[in-house]
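Enquirer:
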Amino acid sequence: MTDKAFTHVAPLIVPMADDQHPLRLLMRGYEDKYPHKLVKDFSRVTNRIVELWNDPAAMEEYFHSLLVMDRHDRKGFPPDVAAEIFSLNLAYDVIRARKAEASADLWGTEQEAKEELERLRLQPTIANFARAAEAGDVSSCKLFLSANLNVDVRDTRHWTPLMIASFNGREELAQMLIQHGADVRACDQGGYTPMHWAAFNGYAELIKLLLAKGGAVNAQSHVGITPLIQAAARGHVATTAELLKGRADPNLAANDGGTPLFKAISNGHLEIVNLLLEAGASLNATMQNGATLVGSAKLARDPKIRDRIAAAVYALKQQTAKRQE
Numbered sequence: 001m002t003d004k005a006f007t008h009v010a011p012l013i014v015p016m017a018d019d020q021h022p023l024r025l026l027m028r029g030y031e032d033k034y035p036h037k038l039v040k041d042f043s044r045v046t047n048r049i050v051e052l053w054n055d056p057a058a059m060e061e062y063f064h065s066l067l068v069m070d071r072h073d074r075k076g077f078p079p080d081v082a083a084e085i086f087s088l089n090l091a092y093d094v095i096r097a098r099k100a101e102a103s104a105d106l107w108g109t110e111q112e113a114k115e116e117l118e119r120l121r122l123q124p125t126i127a128n129f130a131r132a133a134e135a136g137d138v139s140s141c142k143l144f145l146s147a148n149l150n151v152d153v154r155d156t157r158h159w160t161p162l163m164i165a166s167f168n169g170r171e172e173l174a175q176m177l178i179q180h181g182a183d184v185r186a187c188d189q190g191g192y193t194p195m196h197w198a199a200f201n202g203y204a205e206l207i208k209l210l211l212a213k214g215g216a217v218n219a220q221s222h223v224g225i226t227p228l229i230q231a232a233a234r235g236h237v238a239t240t241a242e243l244l245k246g247r248a249d250p251n252l253a254a255n256d257g258g259t260p261l262f263k264a265i266s267n268g269h270l271e272i273v274n275l276l277l278e279a280g281a282s283l284n285a286t287m288q289n290g291a292t293l294v295g296s297a298k299l300a301r302d303p304k305i306r307d308r309i310a311a312a313v314y315a316l317k318q319q320t321a322k323r324q325e
């Protein structure tokens, strides 16, 4: 079912920038309410908000304590930060309400869901859930969730329903699973995430969805494969473009030394070569076996690829010479 040369690791851990703060992921779709100054200047407060996020009662109490300074031994927040907290409080209420609405379309009770599955002659098993996911059967998948199957349950391949949906291009199903808590960064036994599998088969719209929901664009498998390497190696132009828009690193190499550009050259994908060069892909990659990117390009079957890399090498030499003048 899959290319055995490609198989996944936990997402790379990098220093947390403002755009990678957990609160930003929790506020997807409400970026205009993101409290930049609060995050920057009051890290303990924002970390506490993240901790309490899934406990509405605790969050209500905490927001009240932040907004109503009824203790004389505490200083109030600066006006601009207080305004951010107030706005965040309102946004939180909307986000929680939307999440509740998203859950409301599941079956009312576990027993009702099981009765409906029985009527359809479907046992609430992991195997049946996986088959429904592969077929993109949203209605049946909702029944399985209501019948108390975990949204991130694993099949015999160690794949979650979201991985299955991503591999098969089931965008509507992926959206529903994510709404009900599917882990967009989950890894299978090879270290591959849903984004890897969407990239593998060239599902650009699914890549956009996974990026919007916090997928790890630079996650590497156990052999160092990234989603961008998957897409570039298989010639998926639109998918490669979406990954680059999502800040995929064009120079992140697999364990064998292969970069996305190296793979695109080796497999004869001229459009991908152009996209990667425009994104700043390095010409200096070297494989573990000693093969160089430039050397491999000279052997490319497509003369346009040979010419494109030769032109890029020449331009790089010219730039280097100018800097040394």
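For reference, each letter of the sequence shown is one residue, going 1 to 325 in full-length UniProt numbering.
Note that beta-carbon positions come from the ideal geometry of N, C-alpha and C, so glycine has one too.
Since the structure is predicted, the reported quantities are computational estimates derived from the model, not experimental observations.
1) Does DSSP put T320 in a helix, a strand or coil?
2) With distances taken Cα to Cα, identify the nearest neighbour of residue 341 among A165, L122 and F262.
3) For the alpha helix (DSSP H) containing F42, list its first residue and its last residue.
4) Apart from the five residues on each side of it in sequence, which residues of its chain come closer than 8 Å, Cβ to Cβ, to Q123?
5) Between the C-alpha atoms of D55 and R185, what's the straight-line distance to the nearest angstrom?
6) In terms of alpha-carbon separation, which member of G280, R301, D80 and D302 lies closest to A312?
7) Taking the beta carbon of Q318 as the centre, do at least 16 other beta carbons fall within 10 Å, making it buried, or is it exposed?
8) Bridge partners for T286 per DSSP, in chain order?
9) Within the continuous alpha helix (DSSP H) that includes N274, where are the two ends?
10) Looking at C-alpha atoms only, which residue of N148, I229 and A133 is the closest neighbour of G258?
11) In its own chain, which residues sit with a C-beta less than 7 Å from the C-beta of I164, not counting the 5 before and 5 after it?
12) Are the segment 247–255 and the segment 289–305 touching, with three or more C-beta to C-beta distances below 8 Å?
13) Does DSSP classify S221 as helix, strand or coil?
14) Pairing CB atoms from the segment 162–181 with CB atoms from the segment 133–147, are three or more of them under 8 Å?
15) Use the C-beta contact count for H269: other C-beta atoms within 10 angstroms, 16 or more gives buried, fewer gives exposed.
16) Compute the distance between the beta-carbons of D152 and D183, then report whether it is under 8 Å.
17) Is the Cβ-Cβ distance between K33 and A91 less than 8 Å?
18) Tell me whether P79 counts as near the ligand ZN, meaning its Cβ is closer than 7 Å to at least one heavy atom of that ligand.
19) Judging by CA-CA distance, which residue of W159, G191, L143 and A233 is the nearest neighbour of Q111?
20) Put R301 into one of helix, strand or coil per three-state DSSP.
21) Using only the alpha-carbon positions, how far apart do E242 and A204 sit?
22) Rounded to the nearest angstrom, what separates L120 and K208 at their Cα positions?
23) Is it buried or exposed for L67, if we count other Cβ within 10 angstroms and need 16 for buried?
24) How is C187 classed by DSSP in three states: helix, strand or coil?
25) Drop a sphere of 10 angstroms on the beta-carbon of R234, count the other beta-carbons inside from all chains shown, and report buried for 16 or more, exposed for fewer.
26) Of the choices K213, F77 and C187, whose alpha-carbon is the least far from that of H222?
27) Return helix, strand or coil for R154, following the three-state DSSP convention.
28) Chain C beta carbons: is any one of them nearer than 8 Å to that of K304?
Expert: From the atom records:
1) Of the three classes helix, strand and coil, the one that applies to T320 here is helix, per DSSP.
2) There is simply no residue 341 to check, as the chain begins at 1 and stops at 325 in what is shown.
3) Note, F42: premise wrong, no alpha helix (DSSP H); not H, not E.
4) Around Q123, the same chain offers L117 as residues with beta carbons nearer than 8 Å, after the five sequence neighbours per side are excluded.
5) Rounded to whole angstroms, D55 and R185 show a C-alpha spacing of 22 Å.
6) The residue with the shortest Cα to Cα distance from A312 is G280.
7) Residue burial annotation: Q318 is exposed, with fewer than 16 other C-beta atoms found within 10 angstroms of its C-beta.
8) Paired residue(s): T292.
9) It spans L270 to E278 - the alpha helix (DSSP H) in which N274 sits, taken as one unbroken run.
10) Selected option, being the one with the closest Cα: I229.
11) Once the five neighbours on either side are set aside, the close Cβ partners of I164 are A130, A133 and E134.
12) Not touching, per the Cβ criterion.
13) Residue state, collapsed to three classes: coil.
14) At 8 Å Cβ cutoff, the stretches touch.
15) Buried is the call here.
16) A contact, by the Cβ cut-off of 8 Å.
17) A contact, by the Cβ cut-off of 8 Å.
18) In the structure on display, the ligand ZN does not appear, and there are no ligands present to speak of.
19) Selected option, being the one with the closest Cα: L143.
20) The answer is coil: DSSP assigns R301 none of H, G, I, E or B.
21) Each residue's CA atom was taken as its position, placing E242 and A204 some 7 Å apart.
22) Roughly 34 Å between the two C-alpha positions.
23) Exposed: under 16 other Cβ atoms inside 10 Å.
24) DSSP places C187 in coil when its eight states are reduced to three.
25) Looking at its Cβ environment, which holds 16 or more other Cβ atoms inside 10 Å, R234 is buried.
26) Closest in alpha carbon position to H222, among K213, F77 and C187, is C187.
27) R154 sits in coil when the DSSP states are folded into three classes, being neither helix nor strand.
28) Although the question refers to chain C, the structure presented lacks it and comprises just one protein chain.
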